[in-house]
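Asker:
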Amino acid sequence: MNAKKMIAAALAAAMLAAAALPAGALPAPYLTPDTTVAQMRANEGIAGSGFDTWDRGSLFPEQPWQYGDWTLRRYIGQTVDDAVAGMNLIIDNYNRGVQVTYPLYTDEEIAADPTRKGVELYYFPGDKPNGKYALVLSGNMFERTARTKEACGAVSQLHEMGYTSFVLNYRIGHEISKNANYNDLVRAVQFITEHAEMFGVRPEDYALVGFSAGAHLCGMFGTDRMGYKNYGLPKPGALLLAYPIVNYMYGKPGFLYVYDGAEPGDDLAPGDYYYNIELNAEVTPDFPPTFHWFGRNDRTLGMIFPPLQGPALDRALEQCGVEHKMVVYGRAPHGSGTGTGTDAAGWLYDAVDFWEEVTSGPKLKKGN
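For the sequence shown, the positions run -25 to -1, 1 to 343 when mature numbering (1 follows the signal peptide of the UniProt record, and there is no 0) is used.
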C-alpha cells in the first residue's frame, strides 16, 4: 500500500472510530511501549472495554501501587510490541463501539459460585466473514497469568493474518478447585459455538492456541476422556501449543493439597483432576491435529523432566497417526509468548500454516 492510500485508510478508520463515540467524546488514545502500567489501566479504551489487565495473583492479588510506574516495555519484556498491538486492538474496538468483553456465567451461576464472576471472553473480530476463529489461553504460574504478554501478543498476530480471535480469562490460583479452569474453557467453546453467527465465525475447524498451563488445558479438550466429545461440541481443527505442560509430575500432590483441599492419607490420584491428566497417555487416533514447540533452554519444563513433556506428547501423536508437528528451538525460554527476540520468532505464523493445511488443504504426512 502506498503512502497516500495508507493515510486515506488511517483517516477513514479515525472517522469511523469518532462516529462510534458519543457526541463530543474523544477516542481513547493508543498505547506505546513507553506507556506506563498505570496509564494503560487508566486508558478509557482498556478500562471501558472491560479487559482485565491484572495478570498477577488471585490469592495474593497485585496491588495498585505495584508496577504502576513501570513502562510496558519493562513490564512485558521483549514481546512488548506484539502485546501493545493487541491491546491497541482492544482500544480500537472500544472506539468503534464493538463489544469486547462477554461474561461467561449467568448471575445465578455466579451466585452459586462467586469465583465465576471474573470469567470472561474477549472478542477480537477479524476481516474474514464466516471464517475460522482461534481461542487463546495464556499460561499461568499458580497465582500469575500472562494474559497481556502472551494472549494479547498472539491476537495481534492472528488479527494481522485476518482471523477472528478470542482470549479467555479463566480462573487460576485458589479458584481452580474441581477443574474450574478447565470448565471455563468448555464454557467458552460452548458460548462461541452458540453465538457463532453473532461473532461472524463458523463453529467448525477452530484453533485452540495455548501457552504452558493454558496449552495443557487445550490438550485436555482434545481427549476422549474429558474433551469436546463429552459436551457435544465441534472438534477443534487444530491445537497450537507453545511450551505445553504435558505432565505435571511432582506438582500433582501440591495442587491436590493446596487447591483441592486434600487431607493427609487421601488418595493422591483422585481421578479426572486436570493436573492428573498426562496428555501423552490420553492421545487417541481421533485427537486433533497438533502443532507444538518448546525451547531447549526452557528451565520451567526442565524442572519437571523434559522427556515427559513435549517429546512424550510427540511420540504419542506419532504412534496414534495424528497429524502433528513438533519444533524444538535452541533459544526460547518459557514464557516467550510470540517468540519475538528468541529463536521461536514467527512460530505462530508457521502454526497457522499448519492449521490451514490440516483443515482446508492437502493432508500432512505424519510428523511433518
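Glycine included, C-beta positions come from ideal geometry on N, C-alpha and C.
Tell me the DSSP secondary structure of K204 in three-state form.
Answerer: Here residue 204 is taken as the residue at index 229 of the sequence shown, counted from 1. DSSP places K204 in helix when its eight states are reduced to three.
Asker: Please report how far the alpha carbon of T7 lies from the alpha carbon of L292, in whole angstroms.
Answerer: If you number the sequence shown from 1, residue 7 lands on position 32. If you number the sequence shown from 1, residue 292 lands on position 317. Approximately 41 Å between the Cα atoms of the pair.
Asker: Anyone know if the C-beta pair for V221 and R271 falls short of 8 Å?
Answerer: The residue you call residue 221 lines up with position 246 of the sequence shown. The residue you call residue 271 lines up with position 296 of the sequence shown. No, these two residues do not count as a Cβ contact at 8 Å.
Asker: Going by CA-CA distance only, name the one from Q14, F230, H267 that's closest to Y249.
Answerer: Residue 249 sits at position 274 when you count from the first residue of the sequence shown. Nearest C-alpha to Y249: F230.
Asker: Taking the alpha carbon of G202 as the reference point, which residue from R49, Y157, V94, E95 has its own alpha carbon closest?
Answerer: Position 227 of the sequence shown, counted from the first residue, corresponds to residue 202. With distances taken between Cα atoms, G202 lies closest to Y157.
Asker: With respect to the beta strand (DSSP E) encompassing E95, which residues constitute its N-terminal and C-terminal limits?
Answerer: Taking the first residue of the sequence shown as position 1, residue 95 is located at position 120. Where E95 is concerned, the enclosing beta strand (DSSP E) stretches over 95 to 99.
Asker: Sort Q14, T54, S24, F26 by Cα distance to T46 and report the nearest one.
Answerer: Reading the sequence shown from its first residue, position 71 is the one you call residue 46. Considering only alpha carbons, the answer is Q14.
Asker: Can you list, in chain order, the residues of its chain whose CB lies under 7 Å from that of Y69, leaving out five sequence neighbours each side?
Answerer: For this step, residue 69 is matched to residue 94 along the sequence shown. So the list reads A3, G20, G23, S24, V75, once near-sequence residues are dropped.
Asker: Measure the Cβ-Cβ separation of F141 and I167 and say whether it is below 8 Å.
Answerer: Taking the sequence shown and counting its residues from 1, one reaches residue 141 at position 166. Taking the sequence shown and counting its residues from 1, one reaches residue 167 at position 192. A contact, by the Cβ cut-off of 8 Å.
Asker: Using the rule of at least 16 other Cβ atoms within 10 Å of the residue's Cβ for burial, across every protein chain shown, is S335 buried or exposed?
Answerer: Taking the first residue of the sequence shown as position 1, residue 335 is located at position 360. The residue is exposed, with fewer than 16 neighbouring Cβ atoms inside 10 Å.
Asker: Do V258 and V297 have their C-beta atoms closer together than 8 Å?
Answerer: Here residue 258 is taken as the residue at index 283 of the sequence shown, counted from 1. Here residue 297 is taken as the residue at index 322 of the sequence shown, counted from 1. For V258 and V297, yes; Cβs fall inside 8 Å.
Asker: For S140, report the span of its beta strand (DSSP E) as first-last.
Answerer: For the purposes of this step, residue 140 is taken as residue 165 along the sequence shown, with counting starting at 1. Counting along the chain, the beta strand (DSSP E) containing S140 begins and ends at 139 to 144.
Asker: Around the C-beta of R162, are 16 or more other C-beta atoms found within 10 angstroms, so that it is buried, or is it exposed?
Answerer: What you label residue 162 is simply residue 187 of the sequence shown in a count that begins at 1. Classification of R162: buried, given that the 10 Å Cβ count is 16 or more.
Asker: Once the 5 residues before and after L64 are set aside, which same chain residues still bring their CB inside 7 Å of it?
Answerer: Here residue 64 refers to the residue found at position 89 when the sequence shown is read from its first residue. Hits under 7 Å: F99, V130, S131, H134.
Asker: Can the beta-carbon of A319 be found closer than 8 Å to that of P264?
Answerer: On the sequence shown, position 344 is the one that residue 319 refers to. On the sequence shown, position 289 is the one that residue 264 refers to. Cβ atoms of A319 and P264: not closer than 8 Å.
Asker: Where does T11 fall in DSSP's three states?
Answerer: Working through the sequence shown from its first residue, we reach residue 11 at position 36. DSSP places T11 in strand when its eight states are reduced to three.
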